[in-house]
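Chemist: Chains as they are written, first to last, in our numbering: chain A, 80 to 198; chain B, 12 to 673.
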Amino acid sequence: MAKILIVDDAQFMRTMLSKLIEEEGHEVAGEAVNGIDAVQKYKELSPDMVTMDITMPEMDGIEAMKEIKKVDPGANIIVCSAMGQKPMVVEALEAGAKDFIVKPIKPKKVKEALANILG
Amino acid sequence: MDIEEFQDLYATEAQEHLEILNNSLLQLEDNPHDLGLVKELFRAAHTLKGMAGTMGFEKVSNLTHAMENILDKLRNEEMAVSTEIVNLLFKSLDTLEILINDGEEALSFELEDIISELKGYASGEIEVSNDSNNIDEATTIHNFSIELSDGEIKSAKNKLTEGSVVFLLRVILEDDCVFGALRAKMVGDELESYGEIVKANPALQDIEGAEVDSEFQVLFISNFEDKEILDALDRISELKELDLEVIDDLNELKKAESKKNKNSSKKTSAKSLSKRLKSSSTIRVDVERLDDLMNLVAELVIKRTQVESIGESYQLDELNKKLKSLGKVTSELQNSVMNMRMVPINLVFNRFPRMVRDLAQEMEKEINLEIEGEDTELDRTIIDEIGDPLVHILRNAADHGIESPEERKKAGKDPAGTVKMSAFHEGNNVIIQIQDDGKGIDAEFIKQKALSKGVISQEEAEMLSDQETINLIFASGFSTSEEVSDVSGRGVGMDVVKNKIESLSGSVDIYSKVGEGSTFTIKLPLTLAIIQGFLINIADQKYVLPLETIQEIVKISPDDIKTIRQQEVIQRRGSVIPLISLRKELNKPEYEEIPEELSIVIIKIGEESYGLSVDSIIGQQEVVIKRINDLSDGVEKIAGATILGDGSVALIIDIEEVTLGK
Chain A
80 MAKILIVDDA
90 QFMRTMLSKL
100 IEEEGHEVAG
110 EAVNGIDAVQ
120 KYKELSPDMV
130 TMDITMPEMD
140 GIEAMKEIKK
150 VDPGANIIVC
160 SAMGQKPMVV
170 EALEAGAKDF
180 IVKPIKPKKV
190 KEALANILG
Chain B
12 MDIEEFQDLY
22 ATEAQEHLEI
32 LNNSLLQLED
42 NPHDLGLVKE
52 LFRAAHTLKG
62 MAGTMGFEKV
72 SNLTHAMENI
82 LDKLRNEEMA
92 VSTEIVNLLF
102 KSLDTLEILI
112 NDGEEALSFE
122 LEDIISELKG
132 YASGEIEVSN
142 DSNNIDEATT
152 IHNFSIELSD
162 GEIKSAKNKL
172 TEGSVVFLLR
182 VILEDDCVFG
192 ALRAKMVGDE
202 LESYGEIVKA
212 NPALQDIEGA
222 EVDSEFQVLF
232 ISNFEDKEIL
242 DALDRISELK
252 ELDLEVIDDL
262 NELKKAESKK
272 NKNSSKKTSA
282 KSLSKRLKSS
292 STIRVDVERL
302 DDLMNLVAEL
312 VIKRTQVESI
322 GESYQLDELN
332 KKLKSLGKVT
342 SELQNSVMNM
352 RMVPINLVFN
362 RFPRMVRDLA
372 QEMEKEINLE
382 IEGEDTELDR
392 TIIDEIGDPL
402 VHILRNAADH
412 GIESPEERKK
422 AGKDPAGTVK
432 MSAFHEGNNV
442 IIQIQDDGKG
452 IDAEFIKQKA
462 LSKGVISQEE
472 AEMLSDQETI
482 NLIFASGFST
492 SEEVSDVSGR
502 GVGMDVVKNK
512 IESLSGSVDI
522 YSKVGEGSTF
532 TIKLPLTLAI
542 IQGFLINIAD
552 QKYVLPLETI
562 QEIVKISPDD
572 IKTIRQQEVI
582 QRRGSVIPLI
592 SLRKELNKPE
602 YEEIPEELSI
612 VIIKIGEESY
622 GLSVDSIIGQ
632 QEVVIKRIND
642 LSDGVEKIAG
652 ATILGDGSVA
662 LIIDIEEVTL
672 GK
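The following block contains the structure:
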């Protein structure tokens with residue numbers, strides 16, 4: 080069982096992700112609603128994995144990811160992108176994202192990503 | 012030349028083509044856009060037509076010809092794959108099966124009907140209705156292939172170092188993958204850490220702009236094992252198929268060379284969700300010949316043991332040394348013969364997707380069949396025998412286990428039920444599990460039924476746990492189905508399944524929870540014929556116990572034996588286990604005078620431990636099981652016999668039988 084931090088500004092997405100994560104037998108360590116919140120929660124909770132939305136107020140997911148990588152270079156981060164964000168996903172991958180999922184989210188894909196990263 | 016001679020060969024090969032047709036069609040139903048599958052279907056139908064034509068089987072050849080016409084249309088995308096077409100093709104396959112297996116005269120209906128239907132679709136006279144399975148957009152399957160110029164070959168060769176090889180990786184993406192190019196990039200990045208990329212198609216540099224629809228290829232040099240690379244790639248999401256091929260000769264990839272010319276390369280594949288039939292270089296050998304070889308090896312093992320015992324009794328050190336190395340060779344020989352007899356369980360499993368599909372349609376249920384571990388290998392003899400019991404259990408799961416979609420929705424479940432079949436190795440055994448997420452088995456219902464049928468007494472009923480009760484469905488004379496349905500009824504009960512499995516030296520167990528489903532666990536020996544035996548002595552006769560069941564051997568004093576409910580028991584590690592006197596079980600006289608110390612062999616069957624009291628212990632030995640036919644009365648507790656090194660015969664104790672009811 081792994082501890083996972085969910086970062087997304089939409090309540091709906093957070094609820095859906097946490098349900099999927101729990102179904103897979105993992106624990107939701109916490110939820111963050113923007114990039115700044117995410118970096119802070121990461122430091123507090125040191126989760127095993129993060130699901131990171133890209134478009135968020137205050138600080139976007141890619142910035143947040145870079146901040147987190149500074150604290151913990153080995154952080155396991157999956158980015159959640161929308162259909163039109165291909166260049167941003169590329170940036171995220173270059174910055175060390177371990178995987179990506181594309182919205183609208185399909186449970187199967189989330190589970191696959193969880194399994195691939197957490198083994 | 013007498014064409015009749017080829018009947019057997021025709022039958023076997025036709026059977027293989029039928030299997031390919033069936034498998035590919037099943038996959039096509041799920042992936043209607045995969046033209047590769049259509050091509051495979053076409054090839055198989057075409058080959059079959061040719062074979063049947065040669066043999067003079069007109070009906071088979073006419074039918075395959077009509078199928079070919081439809082497949083040709085599909086292949087050229089002149090027609091879309093639809094449910095109607097798939098069903099019609101399935102119907103044609105069923106007809107072919109009858110024609111091939113039972114002969115051309117066996118058909119009870121007019122072949123013309125189905126042929127004219129096929130012709131109708133092919134000529135466009137019958138229109139395909141627009142259902143959801145039609146091709147909605149033109150997804151082309153790219154037949155990418157990497158080609159190298161002379162200069163590229165040269166520079167790649169320069170990069171090759173001691174111990175490194177050239178790999179060609181072919182990746183097929185999942186159908187609903189959105190940013191295919193990014194997956195290609197992730198694969199490329201991962202490969203960089205294992206070696207150097209020579210070339211990719213499409214090129215990885217301009218991946219951001221490139222569109223990768225469904226497939227891409229990367230040629231790279233690495234000195235890692237193919238397995239390590241595949242394992243690493245396996246962690247990247249949305250990859251449906253990974254094929255890693257070792258390219259022995261780079262010139263094969265020279266521009267304008269035939270793409271198919273890759274015979275000299277080794278192939279390993281992982282994660283192939285849509286299974287491709289593996290082509291490997293094999294020769295066909297009659298099972299009988301293998302059996303003969305197996306028997307000869309078995310004899311050899313016996314003779315070796317005999318010579319060994321001479322060496323030991325005369326203490327001929329020189330001889331013993333040589334015998335030791337001879338022993339190694341015979342063991343290896345024995346292993347390789349056994350390996351030859353091993354075939355993947357897929358031979359049995361591959362007919363189930365079709366069966367479950369048909370059952371589900373027939374019963375108006377939605378059932379997903381998941382198969383795992385189909386590469387697990389088992390002895391040919393077991394494979395031949397295990398099919399029927401599995402069919403029976405699977406039918407039961409589909410019929411009684413999985414509920415109707417409405418019922419499932421009401422219970423808050425996914426309307427589509429899942430039946431999972433898996434096979435894996437566990438020690439010297441192969442475990443096959445059939446797991447459904449249906450309604451489970453109601454222990455109380457079984458108990459009442461067993462009582463009313465007189466399978467158990469009221470007293471016994473009170474003692475049984477729920478799981479024990481559920482296992483009563485294997486008792487003879489027990490069938491839970493209220494009304495015998497067409498599907499799983501057929502007058503055979505679960506007891507037949509159990510008997511069959513036990514005759515293969517296996518066991519079957521069921522675990523069930525109401526509302527959550529049932530799991531059947533079948534345990535089979537990897538191979539029959541030779542077992543690791545444990546020799547014991549009872550009333551001056553030698554007997555063999557299967558070594559794998561033995562937990563430990565203890566010495567106890569007769570005072571340690573207690574009696575609970577007329578059953579002798581002993582205490583071991585805080586738990587009470589039944590004590591079984593083998594003298595009593597084997598109808599031997601009781602001890603004239605009770606020894607001060609008793610040797611007890613503790614065995615474990617499933618979750619239960621038992622103590623077997625024996626006179627003395629001889630030791631471990633490899634024994635060849637000889638089946639004994641027509642067992643006379645009083646020896647039903649014997650599973651077979653074996654010849655020992657000194658030429659004497661020892662009987663193999665059937666421990667399932669001995670522990671029964673204890």
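All residues carry an ideal CB built from backbone N, CA and C; glycine is no exception.
Using Cβ-Cβ distances below 8 Å, what residues of the region 246 to 263 of chain B are close to chain A?
Modeler: From the region 246 to 263 of chain B, only R246, I247, S248, E249 have a Cβ closer than 8 Å to chain A.
Chemist: Would you verify that the beta carbon of L284 (chain B) is, or is not, closer than 9 Å to some beta carbon of chain A?
Modeler: Any reading at L284 (chain B) needs caution, since the residue's pLDDT is 32, under 50, leaving its predicted position unreliable; the model's value is listed next. For L284 (chain B), the answer is no, since every Cβ of chain A falls outside 9 Å of its Cβ.
Chemist: Does the beta-carbon of R352 (chain B) have 16 or more other beta-carbons within 10 angstroms, so that it is buried, or is it exposed?
Modeler: So R352 (chain B) counts as buried.
Chemist: Helix, strand or coil, according to DSSP, for N73 (chain B) in the structure here?
Modeler: Residue state, collapsed to three classes: helix.
Chemist: Cα-Cα, which of B:I397, B:D200, B:K210 is closest to I679 (chain B)?
Modeler: Residue 679 (chain B) is absent from the structure shown; chain B starts at 12 and stops at 673.
Chemist: Can you name the residues that DSSP bridges to N510 (chain B)?
Modeler: None; N510 (chain B) has no bridge partner.
Chemist: Less than 9 Å between the C-beta atoms of L159 (chain B) and L261 (chain B), yes or no?
Modeler: Taking 9 Å as the Cβ cut-off, L159 (chain B) and L261 (chain B) qualify as a contacting pair.
Chemist: So F190 (chain B) contacts chain A; which residues on that side make the cut at Cβ distance below 7 Å?
Modeler: Residues of chain A passing the Cβ test: K165, V168, V181.
Chemist: Quick check: what's the CA-CA separation for R501 (chain B) versus E40 (chain B)?
Modeler: With a pLDDT of 45 at R501 (chain B), under the threshold of 50, the modelled position of that residue is not reliable, and the figure given next carries that caveat. Roughly 30 Å separates the two Cα atoms.
Chemist: Look up L662 (chain B) in the DSSP assignment and say whether it is helix, strand or coil.
Modeler: If DSSP states are grouped into helix, strand and coil, L662 (chain B) belongs with the strands.
Chemist: What residue from B:F68, B:E455, B:E396 has the CA that sits closest to V525 (chain B)'s CA?
Modeler: That would be B:E455, whose Cα lies nearest to the Cα of V525 (chain B).
Chemist: So with Cβ pairs under 9 Å, would you call L124 (chain A) a contact of chain B?
Modeler: Chain B contact via Cβ: absent.
Chemist: Would N195 (chain A) count as contacting chain B if we go by Cβ distances under 9 Å?
Modeler: Yes, N195 (chain A) counts as interfacial toward chain B.
Chemist: Helix, strand or coil for V189 (chain A), going by three-state DSSP, please let me know.
Modeler: Correct three-state label for V189 (chain A): helix.
Chemist: How far does the beta strand (DSSP E) with F231 (chain B) in it extend, from its first residue to its last?
Modeler: Note, F231 (chain B): beta strand (DSSP E), 226 to 233.
Chemist: Within its chain, find whatever has a CB closer than 7 Å to the CB of D88 (chain A); leave out the 5 residues flanking it on each side and keep chain order.
Modeler: Excluding sequence neighbours, D88 (chain A) sits near V112, N113, D132, M135, P136.
Chemist: By DSSP, does E607 (chain B) sit in helix, in strand, or in coil?
Modeler: E607 (chain B): coil per DSSP, three-state reduction.
Chemist: Identify whether P426 (chain B) lies in helix, strand or coil by the three-state DSSP scheme.
Modeler: In this structure, P426 (chain B) counts as coil in the three-state DSSP scheme.
Chemist: Give every residue of the same chain whose Cβ lies closer than 7 Å to the Cβ of T670 (chain B), excluding the five residues on either side of it in the sequence, and list them in chain order.
Modeler: Around T670 (chain B): I591, I616, Y621.
Chemist: Shorter than 9 Å from the beta carbon of M92 (chain A) to some beta carbon of chain B?
Modeler: No, because no Cβ of chain B sits closer than 9 Å to the Cβ of M92 (chain A).
Chemist: State yes or no: is the beta carbon of L172 (chain A) nearer than 9 Å to at least one beta carbon in chain B?
Modeler: So yes, L172 (chain A) belongs to the interface.
Chemist: What residue range does the alpha helix (DSSP H) around F360 (chain B) cover?
Modeler: Element bounds for F360 (chain B): 357 to 360.
Chemist: What runs of the beta strand (DSSP E), each 3 residues or longer, lie entirely inside the region 353 to 423 of chain B?
Modeler: The region 353 to 423 of chain B contains these whole beta strand (DSSP E) runs: 353 to 355, 377 to 383, 388 to 390.
Chemist: Round the Cβ separation of L99 (chain A) and P186 (chain A) to the nearest angstrom and send it over; I've been treating them as touching at under 8 Å.
Modeler: At roughly 6 Å, the Cβ-Cβ gap stays under 8 Å, so L99 (chain A) and P186 (chain A) are in contact.
Chemist: Looking only at its chain, what residues have a beta carbon closer than 8 Å to the beta carbon of N73 (chain B), apart from the 5 residues adjacent to it on each side?
Modeler: Counting only Cβ-Cβ distances below 8 Å, and skipping sequence neighbours, we find L122, I126.
Chemist: Give me the chain A residues within the contact set of L193 (chain B), using Cβ-Cβ distance strictly less than 9 Å, ordered along the chain.
Modeler: Per Cβ cutoff of 9 Å: K165, V168, V169, L172, F179.
Chemist: Answer with buried or exposed for K339 (chain B), where buried requires no fewer than 16 other C-beta atoms within 10 angstroms of its C-beta.
Modeler: Flag for K339 (chain B) reads exposed.
Chemist: Going by the beta-carbon positions, is the gap between I232 (chain B) and A167 (chain B) smaller than 9 Å?
Modeler: Going by C-beta atoms, I232 (chain B) is nearer than 9 Å to A167 (chain B).
Chemist: Just to confirm the assignment, what range does the beta strand (DSSP E) spanning L179 (chain B) have?
Modeler: Its beta strand (DSSP E) spans residues 176 to 184.
Chemist: Please go through the same chain and pick out, in chain order, the residues whose beta-carbon is closer than 7 Å to the beta-carbon of I164 (chain B), but skip the five residues on each side of it.
Modeler: For I164 (chain B), where only same-chain residues beyond five positions count, the Cβ hits under 7 Å are L261, N262, K265.
Chemist: For the candidate residues B:I442, B:K424, B:L311, B:Y325, whose alpha-carbon lies nearest to that of I397 (chain B)?
Modeler: That would be B:I442, whose Cα lies nearest to the Cα of I397 (chain B).
Chemist: Does DSSP put R583 (chain B) in a helix, a strand or coil?
Modeler: DSSP places R583 (chain B) in strand when its eight states are reduced to three.
Chemist: With 16 as the cutoff for other CB atoms within 10 Å, does G140 (chain A) come out buried or exposed?
Modeler: Buried: at least 16 other Cβ atoms inside 10 Å.
Chemist: State the CB to CB distance for the pair D477 (chain B) and F489 (chain B), rounded to an integer number of angstroms; the pair is presumed to be in contact (CB under 8 Å).
Modeler: That belief does not hold up - the Cβ atoms of D477 (chain B) and F489 (chain B) are roughly 16 Å apart, past 8 Å.
Chemist: Establish whether the CB of G526 (chain B) and some CB of chain A are separated by less than 9 Å.
Modeler: Not one chain A Cβ lies under 9 Å of G526 (chain B).
Chemist: Spell out the partners DSSP gives K148 (chain A) in its beta bridges.
Modeler: BP columns for K148 (chain A) are empty, so no partner.
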